[in-house]
Each structure stands twice: as C-alpha cells, then as structure tokens.
C-alpha cells in the first residue's frame, strides 16, 4: 500500500523549503524505558506477565517565524519483550510526524504528516512521557499479544479563512492508509492448537506437527484506507460565546475476510509464505460511507475555564456486497442464503454528542471530554464509540510535574454482519511523576491500570503495570532561549 514513505515526505517538504528560515531548534534525546506488567494482553483466563525494555532515540525539530511554524519528530526505538517463560522477542517501532502551519493576514494553511511503523504493542510503544498526542492512536485499536507489524500513514491538510471579524471558515481532509504484516506462523499454530485442544496446555516444542493438517486462519487484522472530508463555520457571538457548525464525510474501504459461510476451493486459498500448511482465504472489500453533521456551542465561564457542547447526527452505509457474492458456494439452505444476500447493505443512523471542559489555573490544568463518535479502527470496520477522558497536570515545583489520566472507552462495530467480536469495554488509569533533574536529565515513573471486558468473554481482564523512564537531552542555549519565549 505504501512502501516508501521517505518519497512522500520529500514531496511534502519540498514546496515549503523556500519559506523555511535557517534557524531551527533541534531537540535530540535518548531514553531508556522499563516496564513490568502482570497481564499485558489483559487476558482474563491466562494472564501473560512480561518485562519490556525500550531504548528510544528521538530527534525533535521546531522552526517558528511570524508567518509559519513547523514542528517535526523523528523517533526510533528498539523493544525487547520477555515473558514469564523467559522467551524474548526483539522488535522496533519508528515514527515520523510533521506538523506545519503557514499564515497570511486572514487565512492559514496547515499540513500534517504522520508515518508510523510499529507492532501491535501499542501500549508499550507509547512513551511514558507522551511525546505528542498527534503521534498517538485514536483508541479504536485492539491490543494483540502476537507481534504483527503495522504501517500507518496519515496526511491531513487544513485551511482556515476569516470571512469577517466574527466568522471563520474551516476545511480539511484526512487520508489514512493502514496495512499489517502477517502474524508469525508459530502464533497462528498456537491459536489453532488451542481451538482444536481447548483443555490441553501448549506443548513446549510447539510446531506445525502439533496440528498435523493444513488449516485456515481467520479473524486477523485487516488493512484499510480512509478519506475524510470536513467543512465548518465558527461564529463569534460575543467575546465569550462561539457557535460552530461542522459537516463531515468519510469514505472507508477495508480489505477483510469474506462472509464466514463462504466455501473457498482449496486451490483458491493462499499459503503462508513461511509455512505452506497455514492457509488464508482471499481478502475481499467492505465499503462504508459515513456523513456527519454537528452543531456546537463554546463558552468562557471565566478567564481560565472554557466549556464546549456539541450535538449532531450521522448516517453510515456499509456495503458488504463483495463479502458474499451471488455465485459463492456456501452450503446454506436457499432461504438463508437469500436472506444473507439481502442483508449485505445496511444503513445505520445515530446521534453524535460531546461535552468538553478545560481549565488552566497556571500551575494546575484540567481537561475532560465525554463523546459519542464514529471512528475508523484497525479491525477492518468503522466503530461507534463512547469515550470519557479526563486529564489533570500539576506543577509541583519548576522541575517536578504530576499528571493523572483516566479513560473509559466502549466501541461497537458498524457493519452489515453485526460482528461484535472486537467490541469491548476498556478502562485505563495512569498517575505519573516527571522530574527534570537538570537541563539534561529527566526521570519519569508511572503506574498504569487497564481493565477490559470483551462482549464475547464471560469475565473481565485486568493489567497492572509499572513504568520507568530515564531520558537524556543534550543541553542547548538556543533551545533554552526558544523555550523561554
């Protein structure tokens, strides 16, 4: 889908080269992160403790002029995971993100680029010190215990124009491309062994011989493409009240598995490149079109407290015609087959709503958000999500900061089959201390509690993790001066 992100970066940066100033502020750093987790995959039946060590190299770049601002982050990390059976796995994650804005008297144009290559260890690959929210996931991801690589590209140009002193027009496009590697054959074999022998522990010498016959794997992560368009108006009713209107459209295509009832001939199945006895059915396409309309109200309750209310509707049509074709062989009774054909296209309508509050009291900052929204996920479908997020940060002294983050999240899949395998209730809580020992060294420690209840599981799983980070940033007089401005 996208194999050479460097070419894309070059094409996006080249048009802006002429407006870049010579003065850049560089912030290189290297950090060592350590994590101890008693149940990383939040498995309610078989907890999987692990120890994860991560060495992170990071280069931040910032350039500011009266008419433009450019911020970039390039990061590479090596991740060593060790489970309770003393087996170790080494993997890596890479992130490049560029955020730029170019301003004129009444308008501004911005473009963001986010390239991320990682494993499904999303929770591990997230920095303890939270580099930037721009580089994080939406939360519609599914934590996987197996190491399956993912590549994600997001390009999001935006444009704003001040029609008058009170009215501002906004427009933007988000293009997202996501693809996944194939799972390691031993992970697919382990899953098949558990399905065939639910009451038997995995053998120490697990191999394809433990299964014995060719088998077809299912329920793997799907690649997808999405283009989202948005257009909005902001009207300043008074010095403290702003009204907003937003219209959005998403076009979403996932390369997913066919309907479970479809019978594929053996010769049409695809062999795993590393193990010929592992087979996969050909992928097909599922298409979703989602239109949204929102009205919003923002108000300053005080010089430091701002609230926002937003309400709207969405209409989503999912077309799974390709997942079950009229000439497919299924073995279903004719009446049931006909009924499934009639259910391949489904329209889902619903409500959108959000409540936001933010308070900046100087040494302490608060923010919270309660929202119902429609988001893409890396399970190959759109999800309607209910999310509650709260953040508190406090400056205990100029070098010591405390933060507390809490998040409750519940997604449900929107598709014609009504598949809810990945629907779940998720809760995470994370208090954290960050101590800037001096200009060069920063120490961070956090506790992360996660709890998850899948709709297909009878019990909830919980995870307790302790995280530590030691970060070194070379001192720079230029950077210190830039941070003081």
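In our numbering, the protein residues as written are 4 to 488.
All C-beta atoms in this analysis are idealised placements derived from N, C-alpha and C, irrespective of residue type, glycine included.
- At a Cβ-Cβ threshold of 8 Å, residue 376 and residue 391 do not count as neighbours.
- Beyond the five residues adjoining it in sequence on each side, residue 404 comes within less than 6 Å, by CB distance, of 398 and 437 in the same chain, given in chain order.
- Between the C-alpha atoms of residue 173 and residue 306 there is a straight-line separation of about 25 Å.
- Counting C-beta atoms within 10 angstroms of its own C-beta, residue 80 has 16 or more neighbours from the protein chains shown and is therefore classed as buried.
- Under the three-state reduction of DSSP output, residue 348 falls in the strand class.
- Closest by C-alpha distance to residue 43, out of 33, 34 and 54, is 54.
- For residue 59, no alpha helix (DSSP H) run applies; the uninterrupted beta strand (DSSP E) run containing it begins and ends at 53-68, by DSSP.
- Going by beta carbons, residue 237 and residue 171 fall inside the 8 Å limit.
- Between residue 463 and residue 47, the C-beta gap is smaller than 8 Å, which places the two residues in contact.
- Rounded to the nearest whole angstrom, the CA to CA distance from residue 249 to residue 208 is 57 Å.
- Residue 199 and residue 161 have their C-alpha atoms some 51 Å from each other.
- Counting only residues of its own chain and dropping the five nearest sequence neighbours on each side, residue 194 has a CB closer than 8 Å to the CB of 220.
- Closest in alpha carbon position to residue 311, among 364, 429, 297 and 320, is 297.
- Here the segment 346-361 lies against the segment 316-324, with 3 or more beta-carbon pairs under 8 Å apart.
- The DSSP-derived three-state label of residue 397 is strand.
- The beta carbon of residue 333 sits closer than 7 Å to the beta carbons of 264, 265, 266 and 340 from its chain, once the five residues preceding and following it are set aside; these are given in chain order.
- For the pair residue 67 and residue 110, the CB atoms are not nearer than the 8 Å cut-off.
- The residue among 451, 100, 192 and 478 with its C-alpha nearest the C-alpha of residue 40 is 451.
- For the pair of segments examined, the segment 238-245 was found not to touch the segment 211-228: the number of CB pairs separated by less than 8 Å stays below three.
- Put simply, of 363, 274 and 177 the residue whose alpha carbon is nearest the alpha carbon of residue 157 is 177.
- Comparing alpha carbon positions, the residue from 93, 76, 83 and 85 closest to residue 117 is 76.
- If you ignore the 5 residues before and after residue 247, its C-beta comes within less than 8 Å of the C-beta of 235, 236, 237, 238, 297, 298, 299, 300, 301 and 313, all in its own chain and listed in chain order.
- Cβ-Cβ separation between residue 151 and residue 475: approximately 32 Å, too far for a contact (criterion under 8 Å).
- One thing to note: residue 65 has its Cβ within 8 Å of the Cβ of residue 28.
- Around the Cβ of residue 181, a 10 Å sphere holds 16 or more other Cβ atoms; the residue is buried.
- For the pair residue 407 and residue 308, the Cα-to-Cα distance works out to about 19 Å.
- The residue from 82, 328 and 229 with its alpha-carbon nearest to that of residue 254 is 229.
- Linking residue 327 to residue 439 through their CA atoms gives a straight-line distance of about 58 Å.
- Per DSSP, the unbroken alpha helix (DSSP H) holding residue 188 starts and ends at 188-199.
- Shown here for residue 120: same chain residues with a beta carbon closer than 6 Å to its own, the five before and five after excluded, namely 97 and 154 in chain order.
- The criterion of a C-beta distance shorter than 8 Å is satisfied by residue 285 and residue 273.
- Closest in alpha carbon position to residue 278, among 189, 196 and 361, is 189.
- Of 330, 357 and 276, the smallest CA-CA separation from residue 316 is found for 357.
- Around the beta-carbon of residue 270, fewer than 16 other beta-carbon atoms lie within 10 Å, marking it exposed.
- Within the segment 183-271, complete beta strand (DSSP E) segments of at least 3 residues are found at 226-239 and 244-259, given in chain order.
- Using a Cβ distance threshold of 8 Å, residue 430 and residue 447 do not count as a contacting pair.
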